[in-house]
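Numbering (our numbering), first residue to last: 48 to 576. Beta carbons: idealized from backbone N, C-alpha and C, even for Gly.
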């Protein structure tokens, strides 16, 4: 097979390896041969210092991403009783920060400091995060707007009694917008850096073990997510935060906790993180290679897979979780995330030889069914038992685990050496840029099937909500067709990448589509700011 990419060395047996300098061996027939790696450098041993430092970084970054955004509701919505507009502005700033992921991914790849590619950005991201968190942790939140523990019913009273309320509490919400934006920006920079490091490390592994390091990474991310949700459930589920308990931590506590975890990541990032020397010879050449990469069929087809599958899996009907009897919403947010962790372990151990298309198709279809049964049973009052609801939703998270890990494996195969953070950022951000489309769809469906969710036992309400859900579930099932955009395994994907002659149209669609979605996302996020 011929190749038009000057950065590809082709082996007679059909394997290839991509590197800016092509300074190491091409693939050999032995899967354990180090030459089957995609990038130069020693493989990272699981118990080595670089691996442990990296896992700590990923754990802390994901914990913060789970712990901090819900504070919009707990603290600024419930505790301070901020206006809907102010709380929405905070959410818009957070979303806007994440849309800058590709821009910083490019900087992380091409702007070295002291000759190193990642360490500066990792440390800078943590410093920005810690500084913003410190400004919020040290600021007094004052008394809550009202405390239902001391004054039951005050949160829903129509005529607030000044003696029971802190009427000045909502006025303090706007001050927090700036530090929240910079805190989110810091976490985003950290995550964009770590995504690039993850691909760089994974590409060093021979084909026989490639994917194991990613599996361990997602495993620690999953634990961090559970820890974040568990903290919110145990310490911010008090009545003054809109929860159920009579006790809770103070509003500054989650920020001090976040600072502690950030420092636990910042110190090893500064002192122990091992970076790689920059090998970018020319910025114009780097952009030229990126353009070639985006024109490669393996790349734009994987991005199309990411965009279309996520777009078609996103539509959902009205939230009926409040219709479930005796359901603790806090635990309902924690327990279903637990099966994600063993799913990652099992898929990493057993699934590296699975057919990617079949595995994703079956897992996604089962996930849709496991979502449909509890939702529709609740809607039409077949079964509104809280255990039934939580258990089936917990089983459905298996699909999420496999849809995280397997596309991540594919991403490592197509990301070019030297473009790791950029391609990872594009891959991740496409999912975020679907949000405006999904929001518009939900608004359209709510207008097409209007329902008063307070009338949960009304037959008309049940039918309106049920029909809404059936249409959305049908769209999710239709979206299964796009799973076949991802190749069945590494070798077909590598063959597709090697055989691709480049498509200007494909590359242009990636860039134009991303820019269009970026503009729509910002317009939707900040139109009412």
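Going by DSSP, residue 173 is part of the alpha helix (DSSP H) stretching over 166 to 184. Of 236, 285, 308, 424, the smallest CA-CA separation from residue 146 is found for 236. Excluding the 5 residues flanking it on each side, residue 492 has same chain C-beta neighbours closer than 6 Å at 515, in chain order.
Annotated three-state conformation of residue 367 is coil, per DSSP. Straight-line spacing of the CA atoms in residue 549 and residue 452 works out to 27 Å.
Within the same chain, Cβ atoms closer than 7 Å to the Cβ of residue 529 are found at 352, 355, 356, 359, the five residues on either side in sequence being excluded.
Counting only the Cα atoms, residue 121 lies some 9 Å from residue 279. Closest in C-alpha terms to residue 234, from the list 429, 111, 154, 365, comes 111.
Residues 370, 371, 372, 425 of the same chain have their beta carbon placed closer than 7 Å to that of residue 431, with the five preceding and five following residues left out of the count. Under the DSSP assignment, residue 242 falls in the alpha helix (DSSP H) whose first and last residues are 224 to 249. Classified as buried, residue 414 has 16 or more neighbouring CB atoms from the shown chains inside 10 Å of its CB.
Taken through DSSP and simplified to helix, strand or coil, residue 262 comes out as helix. Taking each of 156, 288, 232 in turn and checking the Cα distance to residue 196, the smallest one comes out for 288. Here the C-alpha atom of residue 176 lies approximately 18 Å from the C-alpha atom of residue 100. At the C-beta level, residue 243 and residue 152 come within 8 Å of one another. Contact annotation: residue 417 and residue 449 have beta-carbon atoms that are not nearer than 8 Å. Per DSSP, the beta bridge partners of residue 372 are 432. With respect to the 8 Å criterion, residue 230 and residue 169 are not classified as neighbours on the basis of their beta carbons. Taking a 10 Å sphere around the C-beta of residue 428, we find fewer than 16 other C-beta atoms and assign the residue as exposed. Here residue 160 is bridged, per DSSP, to 163. Straight through space, the alpha carbons of residue 457 and residue 532 are spaced by roughly 11 Å. The alpha carbon of residue 306 has as its nearest neighbour, out of 332, 475, 185, 98, the alpha carbon of 185.
Beta-bridge annotation (DSSP): residue 292 is paired with 285.
The continuous alpha helix (DSSP H) containing residue 544 extends over residues 537 to 546. Contact between residue 291 and residue 156 fails: their C-beta atoms lie close to 46 Å from each other, not under 8 Å.
Between the stretch 238 to 255 and the stretch 464 to 472 there are three or more inter-stretch CB-CB distances shorter than 8 Å, so the stretches are counted as touching. Beta bridge pairing from DSSP links residue 405 with no other residue.
Residue state for residue 574 is assigned as coil, using DSSP reduced to three classes.
For the 8 Å CB-CB criterion, residue 463 and residue 261 do not form a contact. Around the beta-carbon of residue 473, 16 or more other beta-carbon atoms lie within 10 Å, marking it buried.
By the beta-carbon neighbour count (other beta carbons within 10 angstroms, threshold 16), residue 573 is exposed. Between residue 439 and residue 454, the C-beta gap is not smaller than 8 Å, which leaves the two residues out of contact.
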